[in-house]
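If you read the sequence shown in the working numbering, its first letter stands for residue -17, the second for the next number, and so on.
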Amino acid sequence: MVGIEEIPVKELISSAIEARKKAYVPYSGYMVGAAVLTNELRIYTGCNIENASYTPTICAERTAISKAVSEGRRRFLAIAVVGSPNGDVITQYAYPCGVCRQVMREFADPEQFVVIVARSEEDYKLYRLKELLPESFGPENLNV
Ligand code: THU
């Protein structure tokens, strides 16, 4: 079990801030960046990518997780998320949407997985996934 003090919180936040700069958001103008930490302590980043047909839009968190899973990573310890309307200044805490919380649930222990919602490396909030997605449905329900 990895303690919260072993999570490289500032590195995850700075990686998410960097990833946010790549957000493709011609429709909402809302830029999000995410950085996910694997069990092997590797970091994968992602940004949100919108689409003219709206529905294919993917959130930053799922971009990061999809990149990691497609590289063979399947267990995650933490994710940092930063989001705010267009511009360099991150004015708000951007909480992961319900779909992204469920995708985190697929590849993490909800009691352990740490969600970092940040405005800067110094200004952030920490949660366990279980707090953000209580009484959840997951792979165990299907006995896989
Ligand atoms: N968005 C994310 O990237 N992550 C979330 O958890 C919530 C929403 C993106 C999707 C869309 O590009 C924009 O924010 C506005 O909804």
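Heads up, the beta-carbon is just placed ideally off N, CA and C, and yes, glycines get one too. If you're wondering where the values come from, they're calculated on a predicted model, not measured in any experiment.
Practice item. Enumerate in chain order the residues of its own chain whose CB-to-CB distance from T20 is below 8 Å, with the five nearest sequence positions on each side excluded. Key: Y26, A50, R55, R57, F58 and L59
Exercise for review: Confirm the yes/no value for this check: CB of S10, any heavy atom of the ligand THU, distance under 6 Å.
Suggested key: yes
Check your understanding: What do you reckon, is the C-beta of T37 under 6 Å from a heavy atom of the ligand THU?
Key -> no
Check your understanding: Relative to the ligand THU, is the shortest distance from any of its heavy atoms to the C-beta of P78 smaller than 6 Å?
Key -> yes
Check your understanding: Just to check, is the beta-carbon of V14 closer than 6 Å to a non-hydrogen atom of the ligand THU?
Key -> Indeed, a heavy atom of the ligand THU lies less than 6 Å from the Cβ.
Exercise for review: Compute the Euclidean distance between the alpha carbons of S10 and L124, then round it to the nearest angstrom.
Suggested key: 37 Å
Exercise for review: Report yes or no: do the stretch 30 to 38 and the stretch -17 to 1 share at least 3 C-beta pairs separated by less than 8 Å?
Suggested key: With the rule of 3 Cβ pairs closer than 8 Å, the stretch 30 to 38 does not count as touching the stretch -17 to 1.
Check your understanding: Taking the alpha-carbon positions, what's the C82 to F119 distance?
Key -> 14 Å
Practice item. In angstroms with no decimal places, state the Cα-to-Cα distance between Y12 and G(-15). Key: 32 Å
Exercise for review: Keeping to the same chain, check which residues put their C-beta closer than 8 Å to that of N68; ignore five residues upstream and five downstream.
Suggested key: V7, G11, Y12 and M13
Practice item. Return helix, strand or coil for G15, following the three-state DSSP convention. Key: Shown here, G15 sits in a strand according to DSSP, grouped into three states.
Check your understanding: Out of curiosity, what's the CA-to-CA distance linking Y109 and Y77?
Key -> 11 Å
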